[in-house]
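Below is one structure; the comments refer to it alone.
In UniProt numbering, the protein residues as written are 1 to 215.
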């Protein structure tokens, strides 16, 4: 697939106790604010429910020329014709996903704070790698800490896009973009905000390279 689409805000959904309609409305607001990459992340049981939700998000995203990535469920990504899947740290997950989803699918992998894992993932066929957490995260407070210097080194060593994740806000995200992040993965700072569309615009403005001095 074209890596040109793998840049900017990478919005990750969060389960809503009040129901999926809230999530659907939040994603619609994000798309109206310019979000082009959405990840459906739901760790709760209920296969039929999750398939219905993922299918609804897929229709919504594709209607706005946006990508839908499924978190850690290759079979679900296949069933709803999502654009790709985000898998855990094992290379075997990349190979399995590629076999099931095909060459055009987007396959991303979590690499935490481990550059060797990212290098191996690229060789295994990953389309992007994700590092983090970089800042304290409400979603994963016990996640391993990644150093910002890792992004600069990864940018030199890798040919595929890089995602930064973990406690990212419009205020601290610019540092990560300058260090080498191609995408910023965000949950709470986006979907927990009062104006999702406006926050999407703020995040995407961080990728305007003209705002940064040459290095």
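A virtual CB, placed ideally from N, CA and C, is assigned to each residue, including glycine.
For the pair the region 39 to 46 and the region 66 to 77, tell me if three or more CB-CB distances fall below 8 Å. Here the region 39 to 46 lies against the region 66 to 77, with 3 or more beta-carbon pairs under 8 Å apart.
So, is residue 147 buried or exposed, given that buried needs 16 or more other C-beta atoms within 10 angstroms? By the neighbour-count rule (16 or more Cβ atoms within 10 Å), residue 147 is not buried but exposed.
Residue 115: first and last residue of the uninterrupted alpha helix (DSSP H) it sits in: Per DSSP, the continuous alpha helix (DSSP H) segment holding residue 115 begins and ends at 115 to 124.
Separation of residue 74 from residue 101, as counted between CA atoms: So the alpha carbons of these two residues sit roughly 8 Å apart.
Cβ-based burial, residue 199 [other Cβ within 10 Å; buried from 16]: Counting Cβ neighbours within 10 Å, residue 199 comes out buried, since at least 16 surround it.
Please work out which residues of its chain come closer than 7 Å, Cβ to Cβ, to residue 26, disregarding the five sequence neighbours upstream and downstream, and give them in chain order. Hits under 7 Å: 191 and 196.
Cβ-Cβ separation, residue 144 to residue 113 (assumed contact under 8 Å), whole Å: Between residue 113 and residue 144, the beta carbon gap of about 5 Å places them in contact (Cβ cut-off 8 Å).
Tell me the rounded alpha-carbon separation between residue 188 and residue 205. Answer to the nearest angstrom: the Cα atoms are 18 Å apart.
Identify, in the order they occur along the chain, each residue of the same chain with its Cβ nearer than 8 Å to the Cβ of residue 133, setting aside the five sequence neighbours on each side. The answer, listed in chain order, is 140, 143, 144, 145, 146, 165, 166 and 167.
For residue 231, which residues in the same chain have their Cβ closer than 6 Å to its Cβ, ignoring the five residues on either side in sequence? Missing from the structure shown is residue 231; the chain here goes from 1 to 215 and no further.
What's the call for residue 215, buried or exposed, on a 16-neighbour Cβ count within 10 Å? In this predicted model, residue 215 has a pLDDT of only 48, less than 50, meaning its place in the structure is not dependable; the value taken from the coordinates is given anyway. The residue in question, residue 215, is exposed, as its Cβ has fewer than 16 Cβ neighbours within 10 Å.
Ordered along the chain, which non-local residues of its own chain (more than five positions away) have a Cβ less than 8 Å from that of residue 158? For residue 158, where only same-chain residues beyond five positions count, the Cβ hits under 8 Å are 118, 119, 122 and 129.
Residue 172 by DSSP, collapsed to three states: which one? Coil, per DSSP.
Looking at the structure shown, is residue 93 part of a helix, part of a strand, or coil, going by DSSP? In the structure shown, residue 93 sits in a helix (DSSP, three-state: H, G or I).
Report the rounded CA-to-CA distance for residue 48 versus residue 13, giving the unit in angstroms. The alpha-carbon atoms of residue 48 and residue 13 are separated by roughly 18 Å.
From residue 81 to residue 171, what does the alpha carbon distance come to, in whole angstroms? About 35 Å.
Under the three-state reduction of DSSP, which class applies to residue 108: helix, strand or coil? Strand at residue 108.
When the Cα atoms are used, what is the spatial distance from residue 24 to residue 57? When rounded, the separation of the alpha-carbon atoms in residue 24 and residue 57 is 7 Å.
Near residue 19, what residues of its chain come up, given a Cβ to Cβ distance below 6 Å and the 5 sequence neighbours on each side ignored? Close CB contacts of residue 19 within its chain, under the 6 Å cut and outside five residues either way in sequence, are absent.
Name the two residues that bound the continuous beta strand (DSSP E) containing residue 39. First-last of the beta strand (DSSP E) with residue 39: 37 to 40.
Residue 75 in three-state terms, based on DSSP: Collapsing the DSSP output to three states places residue 75 in a helix.
Output needed for residue 152: all residues of its chain with C-beta closer than 6 Å, excluding positions within five of it in sequence on either side, in chain order. Sequence-distant Cβ neighbours of residue 152 in its own chain, meaning closer than 6 Å and more than five residues away, are 179 and 180.
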